[in-house]
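Asks: Pasting a structure below so you can have a look.
In UniProt numbering, the protein residues as written are 1 to 217.
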């Protein structure tokens with residue numbers, strides 16, 4: 001029985017590492033999002049869109065691994081909580097990559113040159129990147145206070161989104177360009193939402209309680 005559990009935990013740790021690797025890949029792409037948006041040519045943007053299939057495969061592999069553990073290993077409640085959360089975290093990471101790919105699609109259509117808008121985009125990217133870094137730290141160190149802080153920090157990204165969509169866009173006279181700016185801001189705002197969700201999943205892993213429930217108590 002001990003050997004059986006050891007084998008199971010080896011497989012569970014492998015699943016966790018797959019999620020970490022997916023997170024690292026998303027973080028790497030996130031850190032270059034605005035750089036690709038302002039690139040002189042669209043080659044990098046095209047490559048980002050093509051490479052999104054790699055993220056999809058990583059998520060699919062995580063799901064297959066998780067389902068195999070559930071169906072063949074009969075995990076106890078705490079282990080099952082981890083496995084289910086890995087599936088949900090992988091889904092959020094895949095959606096982060098989708099939004100990065102969507103920003104690249106914007107660059108394929110148009111080049112945004114307004115410096116103030118680009119600075120706000122960079123601020124959103126940097127805020128999200130730091131949130132994703134800190135999510136990993138909180139998971140590794142069982143830091144519930146940091147998770148709570150990360151969840152609240154999504155409001156900072158939302159605030160920049162509001163600045164762009166209620167102020168900056170009115171500096172543009174081109175309706176198509178205005179629409180692309182709004183789309184880009186929304187994609188970056190959604191990235192923050194998905195990182196917030198990851199933090200809530202990790203809170204659940206460590207406590208067994210949904211984050212919203214703990215907040216209301």
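For each residue, glycine too, the CB sits at the ideal point set by N, CA and C. Keep in mind it's a predicted model, so treat the numbers as computed, not measured.
Assuming residue 98 contacts residue 52 (C-beta within less than 8 Å), just tell me the rounded distance between them.
Replies: Contact flag correct, Cβ pair sits at about 7 Å.
Asks: Where does the unbroken alpha helix (DSSP H) through residue 160 begin, and where does it stop?
Replies: Here the alpha helix (DSSP H) through residue 160 covers 144-166.
Asks: In three-state DSSP terms, what is residue 5?
Replies: DSSP places residue 5 in helix when its eight states are reduced to three.
Asks: Roughly how many whole angstroms lie between the Cα atoms of residue 121 and residue 34?
Replies: C-alpha separation (whole angstroms): 7 Å.
Asks: Helix, strand or coil, according to DSSP, for residue 140 in the structure here?
Replies: Here residue 140 sits in helix by DSSP.
Asks: Contact between the stretch 108-128 and the stretch 54-73 is defined here as three or more beta-carbon pairs at a separation below 8 Å; is this criterion met?
Replies: Judged by Cβ distances under 8 Å, the stretch 108-128 makes no contact with the stretch 54-73, as fewer than three pairs qualify.
Asks: Tell me which residues share the same chain as residue 105 and place their Cβ nearer than 7 Å to its Cβ, disregarding the 5 neighbours each side in the sequence.
Replies: Closer than 7 Å at the Cβ level, and outside the excluded window around residue 105, lie 49.
Asks: Classify residue 155: buried if its beta carbon has 16 or more other beta carbons within 10 angstroms, exposed otherwise.
Replies: Residue 155 comes out exposed.
Asks: Among 8, 113, 62, which has the Cα closest to the Cα of residue 36?
Replies: Ranking 8, 113, 62 by Cα distance to residue 36 puts 113 first.
Asks: Is the beta carbon of residue 19 sitting closer than 9 Å to the one on residue 89?
Replies: Against a cut-off of 9 Å, the Cβ pair of residue 89 and residue 19 comes out as a contact.
Asks: Note down, in chain order, each residue of its chain lying with its Cβ closer than 8 Å to the Cβ of residue 14, except the 5 sequence neighbours on either side.
Replies: Cβ neighbours of residue 14 beyond the five flanking positions: 65.
Asks: Would you mind sorting residue 139 into buried or exposed? The rule is 16 or more other CB atoms within 10 Å of its CB.
Replies: That one is buried.
Asks: Work out the CA separation of residue 126 and residue 31 for me, nearest whole Å.
Replies: If you take the alpha carbons of residue 31 and residue 126, they lie about 7 Å apart.
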